[in-house]
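Chemist: So that we are looking at the same thing, I have put the structure below in structure tokens.
Residue numbers (full-length UniProt numbering): 1 to 374.
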């Protein structure tokens, strides 16, 4: 506060948040953005009543300077009323509707991960798991940029404190996505990562990235892009390298020893599109009985072909809109069927430091899914 010819009182959003008075913060945001002017007269009255300055003229020239305030701020409960977090999607390749996270639902978890990551990795502080839904606000700085803030006191980080933060986050947020005790595709795996974190991974940058880039938070189109691009990059760059290459090691593992048996038997369950793609140009040869092996690499090659060509597997006319929707349906089917595989691959790639720019670009597709709720 300047005490020359007048008072200039600096009002900082970040400093105000430290006091945790949500009502005062929200009211101040509304005042700033609504053009109401009652706060300044109230400030001048406060100065007079508390004998700041002896001259009325100096008090009447008092100014307020606001810094860091967002366009708007709302409680978590208000954000939740803006639209559903999940929805059931009817798919043409499965008899049962599949539960998916909406744009709103993915955005909320992304903001949560970003808020935790900022505190743990940048600010080196923790809430020690002591926060509730009432402490959470969603801040809009304009231009489509929204952030989550948890208005609770923090302490210096420790492994145990950070683990408590993750477990509290899982306890508060995961139930919001359940319908009849069912979670959206890949959310069971995301919950395992969040609630089941340990001292080895907590506080590590790669671990927070594995949450931020988790398949549960990717749009279906982003997962499709990731899975169709990965084998091509592997062929182009990594298969030529030495066998000890980290990615080669990952891709030679067998996360699903029975995945080919499942695909071959899928026709009996009505999912004949998987079987059709599997047998396409897959005639036994003396040097190779099957063009797909049973490793992670084999599964990725199959899924790449399924997501690229499965839309035409039943001889349908190549109508762009119909083909795109059918392939999107196939992505959801494989997400539901092979739910354990992709999250483990993304985590392993990040942990071993081989999640390079190609994978990052592929995993963050901005393309809207055909069923997205606007």
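Backbone N, C-alpha and C fix where the C-beta goes; we use that ideal spot for every residue, glycine too.
#1: As a quick exercise: from 103, 352, 228 and 149, pick the residue whose alpha carbon is nearest that of residue 83.
#2: Alpha carbon to alpha carbon, what distance is there between residue 167 and residue 377?
#3: What does DSSP give as the partner residue(s) for residue 150 in the beta ladder?
#4: DSSP on residue 41, reduced to helix/strand/coil?
#5: When the Cα of residue 77 is compared with those of 138, 155 and 26, which residue comes out closest?
#6: In or out: residue 170 buried (at least 16 other Cβ within 10 Å) or exposed?
#7: When you compare the CB positions of residue 208 and residue 117, do they come within less than 7 angstroms of one another, or not?
#8: Buried or exposed: which applies to residue 261, given that a residue is buried once 16 or more other Cβ atoms fall within 10 Å of its Cβ?
#9: Are the Cβ atoms of residue 211 and residue 17 separated by less than 7 angstroms?
#10: Out of curiosity, what's the CA-to-CA distance linking residue 101 and residue 81?
#11: On the CB-based measure, 16 or more other CB atoms within 10 Å of its CB, does residue 179 come out buried or exposed?
#12: If I follow the unbroken beta strand (DSSP E) through residue 73, where does it start and stop?
#13: When the Cα atoms are used, what is the spatial distance from residue 264 to residue 278?
#14: Is the region 87-101 touching the region 143-158 in the sense that three or more CB pairs, one from each, lie closer than 8 angstroms?
#15: When you compare only the Cα positions, how much space is there between residue 283 and residue 291?
#16: Under the rule that 16 or more other beta-carbon atoms within 10 Å means buried, what is residue 97, buried or exposed?
#17: If you draw a straight line from the C-alpha of residue 65 to the C-alpha of residue 192, how long is it?
Modeler: A quick look at the data gives this:
#1: 103
#2: This structure leaves residue 377 out entirely; the chain is present only between 1 and 374.
#3: 136
#4: helix
#5: 138
#6: buried
#7: yes
#8: exposed
#9: no
#10: 15 angstroms
#11: exposed
#12: 72-75
#13: 8 angstroms
#14: no
#15: 8 angstroms
#16: exposed
#17: 46 angstroms
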